[in-house]
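Only one structure is covered here, and it is reproduced in the block below.
2 protein chains.
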Amino acid sequence: MNGMSESDERSANQRILDAGLRLFAAHGYDGVSMTDLAADAQVSKANIFHHYASKDALYAAVLKHAVADFATRLAQLNRDEPELASRVRTFVGWHSRRLREREAPTRLLLRELFGQGVSRPELAHEVFAESQRHLFELVEAGQRAGQLRADVDPAVVALTLVSVDVFSFLATPTLRAIPQLAFAADQDELARRLSDLVLNGALVRRGERT
Amino acid sequence: MNGMSESDERSANQRILDAGLRLFAAHGYDGVSMTDLAADAQVSKANIFHHYASKDALYAAVLKHAVADFATRLAQLNRDEPELASRVRTFVGWHSRRLREREAPTRLLLRELFGQGVSRPELAHEVFAESQRHLFELVEAGQRAGQLRADVDPAVVALTLVSVDVFSFLATPTLRAIPQLAFAADQDELARRLSDLVLNGALVRRGERT
DNA sequence: CATGGTACTGACCGAATGGTCGGTCGGTCA
DNA sequence: TGACCGACCGACCATTCGGTCAGTACCATG
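Protein chains in written order, with numbering that gives the first Met the number 0: chain A, 0 to 209; chain B, 0 to 209.
This is the structure in structure tokens:
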């Protein structure tokens with residue numbers, strides 16, 4: 000039995016990692032001091048340096064965990080949905096929801112992806128490329144099935160979908176304050192409207208209606 | 000004649016503001032020290048405090064200038080372009096280009112917009128809302144002219160266009176490293192493909208081809 | 001010439017920073 | 001039992017932080 004009085008049975012190391020994830024995600028590398036970290040993890044500052052050689056090393060470890068966490072969950076996309084429109088809608092909603100429910104790792108990775116982090120770009124890079132790959136395949140499958148135009152670049156579709164998801168996630172507070180855009184704070188509503196736009200386009204057409 | 004030996008005839012105050020813009024945009028509020036600022040502006044640290052009451056006050060001033068700079072240039076959108084498709088393409092290209100050519104203020108404003116700044120959200124908020132308003136009008140005009148579907152929400156179109164622009168801007172280094180997405184680093188190419196997707200949609204249609 | 005105001009500086013301050021050190025404690029294994 | 005080890009801590013260190021202050025140089029107006 001260790002000395003921890005109540006609850007919080009996690010190892011000190013785990014608490015450090017958790018605190019790092021939460022604080023670095025919320026305030027950025029420079030916005031968090033080792034003293035903050037130690038207090039949040041209920042650990043002595045010296046103990047953090049016992050587990051990690053430097054603040055940089057801790058940040059790197061936190062980032063690595065965030066990446067691992069993300070990568071594991073990426074594989075579970077449902078491929079068996081028959082209708083293409085709902086497959087796209089499902090992906091967008093799922094992606095959008097995941098950003099929010101894993102807010103801390105998302106923020107951390109985005110910072111790296113945007114090159115504003117302490118520059119460990121390769122990691123975030125991998126995660127992003129992976130999620131894009133999934134979308135490429137989805138679109139290409141739609142093209143092979145003859146449901147999607149052959150002359151649209153799958154990359155534009157993929158880029159568009161995740162861009163809107165990411166932007167909506169990051170700008171949520173602002174969007175909520177603009178009545179016309181408030182819908183974007185609801186992931187399902189966003190998925191519905193966005194996939195409709197991307198699939199059907201904004202121009203009027205001569206023929207049918209979906 | 001002041002003591003400045005060569006070139007750099009700008010006032011000290013202006014140099015401070017410029018340094019603040021550049022450094023805060025690149026490293027964030029916490030990532031920049033007053034000593035860094037002073038060195039970059041070729042001014043004594045005490046002089047900065049002579050012009051601005053605190054680091055916060057300087058940051059606020061820098062942010063205000065960035066906003067002003069942005070707002071002035073926003074009004075010059077060409078409304079006389081007859082064809083709708085090229086109007087959209089023009090807007091996207093122009094917007095995307097402007098983010099890049101005004102990189103520092105853009106980064107500063109985005110940080111605020113994403114709520115990761117020192118929380119002065121109202122300012123960035125205004126700028127964003129304004130650019131969205133322009134797009135709303137563009138789309139609504141298209142709808143009145145019968146060129147755009149009446150049942151698409153102008154807000155989704157607007158959100159989509161700026162989302163992709165912003166994401167492409169922020170993630171440029173990453174995008175360049177992914178062959179399929181490298182096109183997004185070229186603003187004109189991005190404008191072309193994005194506006195095609197948003198206007199025409201990805202689904203195959205029975206009738207014509209654009 | 002005095003006077004006063006503004007731009008500007010070097011030297012300095014207490015607090016906070018990332019990081020170190022000597023040492024305690026509880027367990028493991030020979 | 002005793003040697004050893006990793007987890008852990010309080011106290012401490014040099015440096016840097018944002019900010020202050022007394023004073024100088026310069027220019028305008030009386």
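For every residue, glycine included, the Cβ atom is placed at its ideal position computed from N, Cα and C.
Separation of residue j from residue i, as counted between CA atoms
i: Leu169 of chain A; j: Val163 of chain A; result: 10 angstroms
i: Glu111 of chain A; j: Arg101 of chain B; result: 21 angstroms
i: Ala59 of chain B; j: Val66 of chain B; result: 11 angstroms
i: Asp142 of chain A; j: Val87 of chain A; result: Checking the displayed sequence, the identity of residue 142 of chain A turns out to be Gln instead of Asp. The straight-line gap from Cα to Cα measures roughly 13 angstroms.
i: Ala103 of chain B; j: Ala157 of chain B; result: 23 angstroms
i: Gln146 of chain B; j: Leu108 of chain B; result: 34 angstroms
i: Asp217 of chain A; j: Ser194 of chain A; result: Within the shown structure, residues of chain A are numbered from 0 to 209, placing residue 217 of chain A beyond reach of any answer.
i: Val161 of chain B; j: Ala52 of chain B; result: 36 angstroms
i: Ala190 of chain A; j: His26 of chain A; result: 29 angstroms
i: Leu15 of chain A; j: Ala70 of chain A; result: One point to set straight first is that residue 15 of chain A is Ile, not Leu, in the sequence displayed. Approximately 22 angstroms, taken between the alpha carbons.
i: Ala37 of chain A; j: Glu82 of chain A; result: 51 angstroms
i: Phe182 of chain A; j: Arg175 of chain A; result: 8 angstroms
i: Met0 of chain B; j: Val165 of chain B; result: Confidence at Met0 of chain B is low in this model, with a pLDDT of 35, below 50, so its placement is unreliable and no value can be given for it.
i: Leu202 of chain A; j: Ala84 of chain A; result: 18 angstroms
i: Asp179 of chain A; j: Glu121 of chain B; result: According to the sequence shown, residue 179 of chain A is Gln rather than Asp. Between Gln179 of chain A and Glu121 of chain B, the C-alpha separation is close to 17 angstroms.
i: Gly200 of chain A; j: Arg148 of chain A; result: 12 angstroms
i: Val42 of chain B; j: Lys54 of chain B; result: 15 angstroms
i: Ala24 of chain A; j: Gly116 of chain A; result: 11 angstroms
i: Ala140 of chain B; j: Arg119 of chain B; result: 33 angstroms
i: Val138 of chain B; j: His94 of chain A; result: 27 angstroms
i: Thr173 of chain A; j: Thr173 of chain B; result: 26 angstroms
i: Gly114 of chain A; j: Gly114 of chain B; result: 18 angstroms
Nearest-angstrom beta carbon gap, residue j and residue i [assumed within contact, 8 angstroms]
i: Ile177 of chain B; j: Ala128 of chain A; result: 6 angstroms
i: Arg9 of chain B; j: Asp152 of chain A; result: Between Asp152 of chain A and Arg9 of chain B the Cβ distance is about 45 angstroms, and since that is not below 8 angstroms, they are no contact.
i: Leu196 of chain B; j: Thr159 of chain A; result: 6 angstroms
i: Gly30 of chain A; j: Asp39 of chain B; result: Incorrect: roughly 21 angstroms between the Cβ atoms, too far for contact.
Cutoff 6 angstroms; reference residue i; Cβ partners in own chain excluding five residues on either side
i: Thr171 of chain B; result: Ala184
i: Gln131 of chain B; result: Ala157
i: Asn12 of chain B; result: His50
i: Leu98 of chain B; result: Thr105, Phe168
i: Ala123 of chain B; result: Leu108, Glu111, Leu112
i: Ala18 of chain B; result: Leu36, Asp39, Ala40
i: Arg96 of chain B; result: Gln186
i: Leu57 of chain A; result: Gly19, Tyr51
Sequence-distant residues of its chain with Cβ nearer than 7 angstroms to residue i (five each side left out)
i: Asp187 of chain B; result: Gly92
i: Val126 of chain A; result: Val66, Phe69, Ala70, Leu108
i: Leu22 of chain B; result: Val31, Asp35, Leu36, Asp39
Cβ neighbours of residue i in the same chain (closer than 8 angstroms, five flanking residues each side left out)
i: Leu20 of chain A; result: Val61, His64, Ala65, Ala103, Pro104, Leu107
i: Ala135 of chain B; result: First, the amino acid is wrong: residue 135 of chain B is Phe here, not Ala. Contacts found: Pro153, Ala154, Ala157.
i: Thr34 of chain B; result: Lys44
i: Ala144 of chain A; result: Leu83
(message) Any C-beta of chain A within less than 9 angstroms: which residues of the stretch 191 to 203 of chain B qualify?
(response) Residues of the stretch 191 to 203 of chain B with a C-beta less than 9 angstroms from any C-beta of chain A: Arg192, Leu193, Asp195, Leu196, Val197, Leu198, Asn199, Gly200, Ala201, Leu202, Val203, listed in chain order.
(request) Note down, in chain order, all residues in the stretch 12 to 32 of chain A with a beta-carbon under 7 angstroms from any beta-carbon belonging to chain B. (result) Residues passing the 7 angstroms Cβ filter: Gly27, Asp29, Gly30.
(request) Mind checking the stretch 152 to 164 of chain B against chain A and listing, in chain order, the residues whose C-beta falls within less than 9 angstroms of any C-beta there? (result) When C-beta distances to chain A are compared with 9 angstroms, the residues of the stretch 152 to 164 of chain B below that value are Asp152, Pro153, Ala154, Val155, Val156, Ala157, Leu158, Thr159, Val161, Ser162, Val163, Asp164, in chain order.
(request) Select from the stretch 115 to 135 of chain A all residues with a C-beta closer than 8 angstroms to any C-beta belonging to chain B, and list them in chain order. (result) Across the stretch 115 to 135 of chain A, CB contacts with chain B closer than 8 angstroms involve Gln115, Pro120, Ala123, His124, Phe127, Ala128, Gln131, Phe135, in sequence order along the chain.
(message) Give the list of continuous beta strand (DSSP E) stretches no shorter than 3 residues that lie fully inside the stretch 94 to 136 of chain B.
(response) If we require 3 residues or more, the stretch 94 to 136 of chain B turns out to have no beta strand (DSSP E) run fully inside it.
(request) Would you list, in sequence order, the uninterrupted alpha helix (DSSP H) runs of no fewer than 4 residues that lie entirely inside the stretch 28 to 69 of chain A? (result) You should have 33 to 40, 44 to 50.
(message) Please identify, using Cβ separations under 7 angstroms, the residues of the stretch 94 to 114 of chain B that lie next to chain A, in order along the chain.
(response) Going along the stretch 94 to 114 of chain B in chain order, one finds Leu112, Phe113, Gly114 with a Cβ nearer than 7 angstroms to chain A.
(request) Identify each residue in the stretch 175 to 187 of chain A for which the Cβ-Cβ distance to at least one residue of chain B is less than 8 angstroms, and report them in chain order. (result) Along the stretch 175 to 187 of chain A, the positions whose C-beta sits under 8 angstroms from a C-beta of chain B are Ala176, Ile177, Gln179, Leu180, Phe182, Ala183, read in chain order.
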